[in-house]
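Student: One line per chain: the protein sequences are A and B, in this order. Start counting the first sequence at 1; every next residue gets the next number (the numbering used here). Start counting the second sequence at 1001; every next residue gets the next number (the numbering used here). Positions of the beta carbon are idealized from the N, C-alpha and C atoms, including for glycine. This one's a predicted model, so the numbers in the text were calculated from it and none came from an experiment.
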Amino acid sequence: MNLPLLSLLVFTPWAGAVLLALLRGARPAVARGVTLGFSLSTLAVGWAVLRRFDPAASGFQLVERRPWIEALNIHYFLGLDGLSLLLVLLTGLIAPAGLLASWREARSPRMFGALFLVLQGSALGVFLALDFFHWFLFWELSLVPVFFLIKLWGGENAGRAAYQFVIYTIGGSAFLLLGFAAVFAATGTLDFGQLATLAANGTLNARLAHLGNFWPQVVFVGVLLGVAVKVPLYPFHTWLPPAYAEAPTGVSMFLTGVMSKMGVYAFLRILWPIFPAPLHAAAPCLLVLALAGVVFGAFAAMRQTDLKRMVAYSSVNHVSYCLLALFAVSAASGPGGPASGAASAALGGALLQMFNHGLSAAALFLCVGVLETRAGGRRGLDDFGGVRAAAPVFAGLCGIALFSSLGLPGLNGFVGEFFIFRGVFGLAPWTAAIACLGLFATAYFLLTFWQRVFHGPRAGAAVGNWPDLRGVELASLVPLVVLMLLLGVLPQLLTGLFNPLVASWVAALAHS
Amino acid sequence: MNALPCTIYVSFAGALLALIAGARSATLARVVALATAVTALVMTLVAAVHFVPAAGLQTLVDRPWVDSLGVRYHLAVDGISLTLLVLTGIAATAGVLFSWNIGERTGEFFALFLALIGGVYGVFLSADVFVFFVFYEIAIVPKYFLVARWGSTNREYGAMKLVLYSFAGSALVLAGLLWAYAAGGGKSFAVSDLAAAAVHFSRLQQLGMFGLVFLGFAVLAGMFPFHTWAPTGHVAAPTAASMLLAGVVMKLGAYGCLRVALPLFPVGFAYWQPVIGWLAVVGIVYAGVIALVQDDFKFVIGYSSVSHMGFVLLGLAAANGRAVSGAVLQMFSHGIIAGLLFAVVGRMVYDRTHTRKLADLRKMALYRRLPFAAGVFVLAGLASMGLPGFSGFPAEFAILIGTWKTSPLWAAIAALGVLVAAAFTLRVIQVSFFGTVTVTPQGPELPPLPPITLAERAGALLLIATTVLIGLKPDLLLDWIVPSLQSPLFQSVLKGGGS
């Protein structure tokens, strides 16, 4: 039987959203159940995909490609490689966990679920679509549910945060669109694979330069802007802390776990193969920006008194590691190519880090959400104390998430960061040295979090009789924590998926 | 195929019938109007099914009219006109549905409305410049009365401004065309004959004639800086008229530019091209910024129309197959989306709340009280922002691609316009429907507003379905448009054909 598995992946959540939209007057429990069921479909289908996936095969697998808009040479084009699969699985994990985290959301769970499923489907589409038009559809559509999820279910200043987030991102996207309009005008195709081929043999750049040598740079900057805002790359990150902080817990989890990966993914899928030469030229600059993200993100997190904002800034820091690795490799590419051991360590580490950060950051937002519910909406660093005595299970699980985020050996976070540092030290030693500052700051604020909240004197009588984690909270947090432990010991479960892909990237670098 | 000219006659006959029926009962007039609009729409759709895009401009009727002047009653259709005919049919049907509640002199209202529609069908079908002009003038008169009698805020002023601008525009067009007619020997008004004669005109003549004709049409298309009639007029107009004015009548101007000004005077166009391109991109950004600071809901939509029409003009100015096909697609798309936006603002919101001040709407929690309207407006707003999945996206994308080939700088500024469009659209979505926010089921008790009627639902669904259909499958229209641009008439101005 030859099911269009990738279409199923993308459209099952959307079908769920439509169903929810039609289920008017459904009881909240029914709406929640339907949402969760459709959200879990990604894991189920993802499992089927995983079983058919052959890591050693080159190129895209399970491809679905048929003409769509012939006048613009656009195809309906889905396909998957190790990178996509990694992120599909991540989405499959984070989305249901996010839903469970917002399980008690009393305000219109039906609408919440529908929007959440639209978001989930869009994210999957971004990870699977291989034609710019098709990809951009999902890329832009993902903003709509986020806007409403933040605005309507978020905190006090949610309106402003949501507006800022969407305007920033659409601002970036407008220039991304312009860039691809130019690419299409020059080449007549929007197929990522074909464009990468044209880029590799220099045709793309030559054709873009047709109107003047200045314009290929403009196109590159346009595309870069669109992608950099989404990640976000320093200094385009200012939308992030308010958006993550104002969003409801489940949505914050999805934003940090999956949506920030959409940006990194776009770097790997678009900028890296289609604009290798301009990226190489800009890489030293970008490297500094990524470094700034690593260092400033961590130091900014250190200064936060609001736990949610602290975790938000730590996301800026963690995602910047991925970019740091990527830019270091790009900067070192060129004649002779980078040391292949360092390059594959850096790239492999970046991919691992994407997954691991997804797990640990989502888990941290979840923990902050748990604290927030217990404390009636407060989430200041000073509002808590002695929680461990009241809720030992929670303290234990949250502790694992904190230490995973901190990069303790034995937990998943360590492996990715270790590989990144190993790679970057070989490629750009000074950068790696400075990035260590970020590590120290991270350790400082995460330990502060741990100490102030879980130990220390009990803040107020309320903490004393807090209930420990309840069923839904456990269901959301436990799988994430189990994976942190498992992947800390057996990272090859993931690296096995994408090692051949990374090897092929590195081989291509040596030839360029 | 031969049913297409009947769209004109059916509309005029319907106008007469509606007038008569209106004397008996308002409901009867409504039914007559709806039946007329739907009949014409069905005719265009049937013609569309049998349409052969590759056949070029297909003559439907061609008989002598005013022999002494060489005027022939010549109607013809190609992919471009067919696109706009279908748009007219859809907009007219939706317009009737959204004016179902007109209670004052219903018969007259629909008579004028259908007369306007008839004129518009005529313009899109004319292949003779004289006939074109006659229908064009027929369309102007009803809009004055529609705005002046059934309009709202400042309606006399809006109506007067609207009509004066239109007449001034058409006077320029007429002057330019008569000049060309006389210079060509005064034998024929057929576009092809005039174009053949225009080849022999001096450069100066071409510059002058193109300038007059294009400017005249561009005024009606709402080109910056001659756009000021559009927001005022559209705000003053009753809902259905705003829908039609912004949705279809502005397209008459753009259509005139494309159908008459460009093919007739390629030399003149080449000279004015940079000016037009710059005015278009400035208009896109300027109108968007103005929309961003409006405090009247309807003015936001009015200025957004100017901004979107800027894309149409930009596509024409870029003058290659890709950009122009995008411009035609944008005409269609904007016609649908503007109609939808005006329907929400004018009919669903204003008729119920009697205010359009954003500051007042902000406090009304309309999201909870009019959820259907909120949903429709969000979708329309997303479409208007040019989000993929809606018809505006392939149109603007094609225009950007084509413009990039002609002038990357214009394309870059237009991309800025996309950003501004997102900003003002999101702002107005936020403020109008989601002002005081959150979906809390319990809030302060607010007096219920009249529910959304069946007619409104039907009209909204028709327009939303169209914009999504074209957004996902723009080929449906591009397959008509692209071959039509291969016609020899366009080849003198367009570079790069349809690719």
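Output needed in chain order: residues of the stretch 1285 to 1311 of chain B with a Cβ under 8 Å from some Cβ in chain A.
Tutor: Answer in chain order: no residues at all.
Student: What residue range is occupied by the uninterrupted alpha helix (DSSP H) comprising A:Asp131?
Tutor: Here residue 131 of chain A refers to the residue found at position 131 when the first sequence is read from its first residue. Unbroken run through A:Asp131: none, as it is neither H nor E.
Student: Any C-beta of chain B within less than 9 Å: which residues of the stretch 138 to 151 of chain A qualify?
Tutor: Result list: Phe138, Trp139, Glu140, Leu141, Leu143, Val144, Phe147, Phe148, Lys151.
Student: Along chain B, in chain order, which residues have C-beta atoms closer than 8 Å to that of A:Val166?
Tutor: The residue labelled residue 166 of chain A in the question sits at position 166 within the first sequence. The contacting residues are Ala1422, Leu1426.
Student: What residues are listed by DSSP as bridge partners for A:Ile69?
Tutor: What you label residue 69 of chain A is simply residue 69 of the first sequence in a count that begins at 1. According to DSSP, which records beta bridges pairwise, A:Ile69 is partnered with A:Ile74.
Student: Note down the Cα distance separating B:Gly1233 from B:Leu1194, rounded to an integer number of angstroms.
Tutor: In the second sequence, residue 1233 of chain B corresponds to position 233, counting from 1. In the second sequence, residue 1194 of chain B corresponds to position 194, counting from 1. Spanning the two alpha carbons is a distance of roughly 34 Å.
Student: Going by beta-carbon coordinates alone, are B:Met1209 and B:Ala1175 separated by less than 7 Å?
Tutor: Here residue 1209 of chain B refers to the residue found at position 209 when the second sequence is read from its first residue. Here residue 1175 of chain B refers to the residue found at position 175 when the second sequence is read from its first residue. Against a cut-off of 7 Å, the Cβ pair of B:Ala1175 and B:Met1209 comes out as no contact.
Student: Roughly how many angstroms separate the alpha carbons of B:Ser1487 and B:Leu1057, rounded to a whole number?
Tutor: Along the second sequence, read from residue 1 onward, the residue named residue 1487 of chain B stands at position 487. Along the second sequence, read from residue 1 onward, the residue named residue 1057 of chain B stands at position 57. Between B:Ser1487 and B:Leu1057, the C-alpha separation is close to 8 Å.
Student: State yes or no: is the beta carbon of B:Ile1401 nearer than 7 Å to at least one beta carbon in chain A?
Tutor: In the second sequence, counting from the first residue as 1, residue 1401 of chain B sits at position 401. At least one chain A Cβ lies under 7 Å of B:Ile1401.
Student: Only counting the same chain, and skipping five residues up and downstream in sequence, which positions put a Cβ closer than 6 Å to that of B:Ile1336?
Tutor: Counting from 1 along the second sequence, the entry for residue 1336 of chain B is found at position 336. Around B:Ile1336: Leu1463, Thr1466, Thr1467.
Student: Answer yes or no: does any C-beta atom of chain B fall closer than 7 Å to that of A:Ala71?
Tutor: Within the first sequence, the letter at position 71 stands for residue 71 of chain A. Taking Cβ atoms only, chain B reaches closer than 7 Å to A:Ala71, which makes this a yes.
Student: Rank B:Ile1020, B:Phe1130, B:Ile1080 by C-alpha distance to the C-alpha of B:Val1066 and give the top, closest one.
Tutor: In the second sequence, residue 1066 of chain B corresponds to position 66, counting from 1. Checking every option, the nearest Cα to that of B:Val1066 belongs to B:Phe1130.
Student: Between A:Leu178, A:Phe214, A:Tyr321, which has its C-alpha nearest A:Ala435's C-alpha?
Tutor: As a first step, residue 435 of chain A must be located in the first sequence, where it is residue number 435. Residue A:Tyr321 is the option with its Cα nearest to A:Ala435.
Student: How close, in whole Å, do the beta carbons of A:Lys261 and A:Gly358 come, if the pair is a contact with beta carbons under 8 Å?
Tutor: Start at 1 with the first residue of the first sequence, and residue 261 of chain A comes out as number 261. Start at 1 with the first residue of the first sequence, and residue 358 of chain A comes out as number 358. Right, their Cβ atoms sit about 6 Å apart.
Student: Tell me which residues of the stretch 1245 to 1260 of chain B have at least one Cβ-Cβ distance to chain A shorter than 9 Å, keeping chain order.
Tutor: For the stretch 1245 to 1260 of chain B, which is checked against every Cβ of chain A, not one residue is closer than 9 Å.
Student: Checking contacts by CB at 7 Å: is A:Ile170 closer than that to chain B?
Tutor: Position 170 of the first sequence, counting from 1, holds the residue named residue 170 of chain A. Output row for A:Ile170: interface = yes.
Student: Along chain A, in chain order, which residues have C-beta atoms closer than 7 Å to that of B:Ala1415?
Tutor: Looking up residue 1415 of chain B in the second sequence gives position 415. By Cβ distance, chain A contributes Ala174, Phe175, Leu177, Leu178.
Student: Write down the C-beta distance between A:Arg379 and A:Asp306 rounded to the nearest angstrom, noting that I regard them as a contact closer than 8 Å.
Tutor: Numbered from 1 along the first sequence, position 379 holds the residue referred to as residue 379 of chain A. Numbered from 1 along the first sequence, position 306 holds the residue referred to as residue 306 of chain A. That pair is a contact at about 6 Å.
Student: Between which two residues does the beta strand (DSSP E) harbouring B:Asp1062 extend?
Tutor: One-based indexing of the second sequence puts residue 1062 of chain B at position 62. From DSSP, the beta strand (DSSP E) with B:Asp1062 extends over 1058 to 1066.
Student: To which residues of the same chain is B:Pro1441 closer than 6 Å at the C-beta, ignoring the five residues directly before and after it?
Tutor: The count along the second sequence starts at 1 and reaches residue 1441 of chain B at position 441. Note on B:Pro1441: pLDDT 48, under 50, position unreliable in the model; the coordinate value appears next. So the list is empty, once near-sequence residues are dropped.
Student: Listed from N- to C-terminal order along the chain, which residues in the stretch 215 to 237 of chain A have their beta-carbon within a distance smaller than 9 Å of any beta-carbon of chain B?
Tutor: Result list: Trp215, Val218, Val219, Gly222.
Student: On the three-pair Cβ rule with 8 Å, is the stretch 1236 to 1250 of chain B touching the stretch 1080 to 1093 of chain B?
Tutor: Yes: the two stretches touch, three or more of their Cβ pairs being nearer than 8 Å.
Student: If you compare alpha carbons, which of A:Ala345, A:Leu487, A:Phe192 is closest to A:Gly426?
Tutor: As a first step, residue 426 of chain A is located in the first sequence; it is residue number 426 there, counting from the start. The candidate whose alpha carbon is nearest that of A:Gly426 is A:Ala345.
Student: Report the CB separation of B:Pro1408 from B:Ala1054 in whole angstroms; it is logged as a contact under 8 Å.
Tutor: Sequence index remark: in the second sequence, residue 1408 of chain B carries index 408 (1-based). Sequence index remark: in the second sequence, residue 1054 of chain B carries index 54 (1-based). Not confirmed; about 33 Å, so no contact.
Student: Given that a residue counts as buried once 16 or more other Cβ atoms are within 10 Å of its Cβ, and exposed if not, what is A:Gln492?
Tutor: Locating residue 492 of chain A in the first sequence gives position 492, where the first residue counts as 1. By the neighbour-count rule (16 or more Cβ atoms within 10 Å), A:Gln492 is not buried but exposed.
Student: Specify the secondary structure class of B:Arg1072 as computed by DSSP and reduced to three states.
Tutor: Numbered from its first residue, the second sequence carries residue 1072 of chain B at position 72. Strand.
Student: Once you ignore the five residues that flank A:Gly16 on each side, which residues in its own chain have a CB closer than 6 Å to its CB?
Tutor: Counted from its first residue, the first sequence places residue 16 of chain A at position 16. These residues qualify, in order along the chain: Phe38, Leu117.
Student: Got a sec: is the Cβ-Cβ distance from B:Lys1363 to anything in chain A below 7 Å?
Tutor: Indexing the second sequence from 1 puts residue 1363 of chain B at position 363. No, because no Cβ of chain A sits closer than 7 Å to the Cβ of B:Lys1363.
Student: Does DSSP classify B:Ser1188 as helix, strand or coil?
Tutor: Along the second sequence, one-based indexing puts residue 1188 of chain B at 188. If DSSP states are grouped into helix, strand and coil, B:Ser1188 belongs with coil.
Student: Between which two residues does the alpha helix (DSSP H) carrying A:Val183 extend?
Tutor: Locating residue 183 of chain A in the first sequence gives position 183, counting from the first residue. 158 to 187 is the span of the alpha helix (DSSP H), which, as asked, contains A:Val183.
Student: Per DSSP, what kind of secondary structure is A:Glu64 in: helix, strand or coil?
Tutor: Here residue 64 of chain A refers to the residue found at position 64 of the first sequence. Three-state DSSP puts A:Glu64 in a strand.
Student: Buried or exposed: which applies to B:Val1049, given that a residue is buried once 16 or more other Cβ atoms fall within 10 Å of its Cβ?
Tutor: By 1-based counting over the second sequence, the position of residue 1049 of chain B is 49. By the 10 Å Cβ count, B:Val1049 comes out exposed.
Student: Shortest alpha-carbon distance to B:Ser1304 belongs to which of B:Pro1450, B:Leu1028, B:Phe1424, B:Ile1413?
Tutor: As a working mapping, residue 1304 of chain B is identified with position 304 in the second sequence. With distances taken between Cα atoms, B:Ser1304 lies closest to B:Phe1424.
Student: Put A:Ser252 into one of helix, strand or coil per three-state DSSP.
Tutor: The count along the first sequence starts at 1 and reaches residue 252 of chain A at position 252. Looking at A:Ser252 - three-state DSSP - the assignment turns out to be helix.
Student: With DSSP as the reference, identify every bridge partner of A:Asn317, one or two as the case may be.
Tutor: Counted from its first residue, the first sequence places residue 317 of chain A at position 317. A:Asn317 pairs with nothing; no bridge assigned.
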